[in-house]
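To start, the structure under review is shown below, and the notes come after it.
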Amino acid sequence: KAGVTQTPRYLIKTRGQQVTLSCSPISGHRSVSWYQQTPGQGLQFLFEYFSETQRNKGNFPGRFSGRQFSNSRSEMNVSTLELGDSALYLCASSLGTPRGNEQFFGPGTRLTVL
Amino acid sequence: AQSVTQLGSHVSVSEGALVLLRCNYSSSVPPYLFWYVQYPNQGLQLLLKYTTGATLVKGINGFEAEFKKSETSFHLTKPSAHMSDAAEYFCAVSGNTGNQFYFGTGTSLTVIP
Numbered sequence: 003k004a005g006v007t008q009t010p011r012y013l014i015k016t017r018g019q020q021v022t023l024s025c026s027p028i029s030g031h032r033s034v035s036w037y038q039q040t041p042g043q044g045l046q047f048l049f050e051y052f053s054e055t056q057r058n059k060g061n062f063p064g065r066f067s068g069r070q071f072s073n074s075r076s077e078m079n080v081s082t083l084e085l086g087d088s089a090l091y092l093c094a095s096s097l098g099t100p101r102g103n104e105q106f107f108g109p110g111t112r113l114t115v116l
Numbered sequence: 031a032q033s034v035t036q037l038g039s040h041v042s043v044s045e046g047a048l049v050l051l052r053c054n055y056s057s058s059v060p061p062y063l064f065w066y067v068q069y070p071n072q073g074l075q076l077l078l079k080y081t082t083g084a085t086l087v088k089g090i091n092g093f094e095a096e097f098k099k100s101e102t103s104f105h106l107t108k109p110s111a112h113m114s115d116a117a118e119y120f121c122a123v124s125g126n127t128g129n130q131f132y133f134g135t136g137t138s139l140t141v142i143p
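From first to last, the protein sequence lines are chains E and C. For the first sequence, the numbering used here assigns the number 3 to the initial residue and increments by one for each residue that follows. For the second sequence, the numbering used here assigns the number 31 to the initial residue and increments by one for each residue that follows.
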C-alpha cells in the first residue's frame, strides 16, 4: 500500500497570505489528523476528520481550518498567515475506529512564513 | 484527560550501550500507548504500540517497551545502541474519543561512537 502523501513538501509564503496543504491518506483509512510541529511547542494537534466530519479539534485559532472529501483526502487551510505559523505540518491517517488505531504519518509540509 | 510526559529532552549514549527513554502517561480511560521515531526532515514512524494484552511490547529495530500500570509508565528500551538510532523519539497516548493522539515533547537521542 502506498503511504500517506502530503503536497507540497515545501512552501514559502509572506505574512497575510493564505495557504492550502493537501494530504492523501492510506487507502481504506477514513481518519485524517493534522499536527503542527515546531521546535518550541513540539507536536500540537490541530484537528481530526473522520468520514468528512471534524471529530476532534485542538486549541488553534479559527484561521486554521480543514476539510475532508468523500475519498478521505484532506486539506488544511491557514488564512492570514503570521510569522509564528512557520512550522512542519504533519498529516496522519488511520482506520479511525475502534479507538487506538495507530496513526501513519506523511513526510510533512514545511511552511515558511516571511 | 490524557497526557504524556517524557523525561529528558536529550539523551546521549555510547554505541553499544543500553538505550532507555522514559515516558509516563496520564489517562482517564485504559490507555493505548505508542512510541514513534522521527528522523531529520521526515514524518513520524511507528516503533511499537500497546493496546491490551502482553505488557512487554516488541517493536521494530530492536526496540521494546513495557507497560507498567502501577507506575503509569511506558519506557522505551534497546539493549545495544546503533549509530542509526540517533533520532527524535515521541511517546503518545490515544484520546478517549476519536483518534486524537497526545504526544510528549520528544527526546532527542544522540549515539556517541
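Glycine is no exception: its CB is placed at the ideal position from the N, C-alpha and C atoms. The structure presented is a predicted model; accordingly, all values stated were derived computationally and were not measured.
Fully contained in the region 69-112 of chain C are the following beta strand (DSSP E) runs of length 3 or more, in chain order: 74-80, 86-88, 94-98 and 103-108.
Sequence-distant partners of residue 113 of chain C (beyond 5 residues in either direction) whose C-beta falls short of 8 Å from its own C-beta, in its chain, are 45, 141 and 143. One thing to note: residue 33 of chain E has its Cβ within 7 Å of the Cβ of residue 98 of chain E.
The continuous beta strand (DSSP E) containing residue 40 of chain C extends over residues 40-44. Under DSSP, residue 39 of chain E shares a beta bridge with E/45 and E/90. The region 8-17 of chain E and the region 64-76 of chain E do not touch, with fewer than 3 CB-CB distances between them shorter than 8 Å. With a cutoff of 7 Å on beta-carbon distance, residue 90 of chain E and residue 112 of chain E are scored as near each other. Counting only Cβ-Cβ distances below 9 Å, residue 120 of chain C has contacts in chain E at 44 and 45, in chain order. The shortest CA-to-CA distance from residue 26 of chain E to any of E/5, E/56 and E/48 is the one to E/5. For residue 133 of chain C, the uninterrupted beta strand (DSSP E) run begins and ends at 131-133, by DSSP. A Cβ-Cβ distance of about 4 Å is found for the pair residue 74 of chain C and residue 66 of chain C, placing them in contact under the 8 Å criterion. For residue 62 of chain C, there is no enclosing beta strand (DSSP E), as DSSP marks it with neither H nor E. With contact defined as three or more Cβ pairs closer than 8 Å, the region 100-113 of chain C and the region 10-24 of chain E are not in contact.
Taking the beta carbon of residue 136 of chain C as reference, the chain E residues within 7 Å of it are 44, listed in sequence order.
Residue 114 of chain C carries a helical assignment under DSSP once its states are collapsed to helix, strand and coil.
Secondary structure of residue 48 of chain C (DSSP, three-state): coil. In the same chain as residue 56 of chain C, and ignoring 5 residues on each side of it, the C-beta atoms closer than 6 Å to its own belong to 33, in chain order. For residue 69 of chain E, the closest of E/82, E/81 and E/51 by C-alpha to C-alpha distance is E/51. Counting only Cβ-Cβ distances below 8 Å, residue 92 of chain E has contacts in chain C at 73 and 74, in chain order. The Cβ-Cβ distance between residue 116 of chain E and residue 16 of chain E falls below 7 Å.
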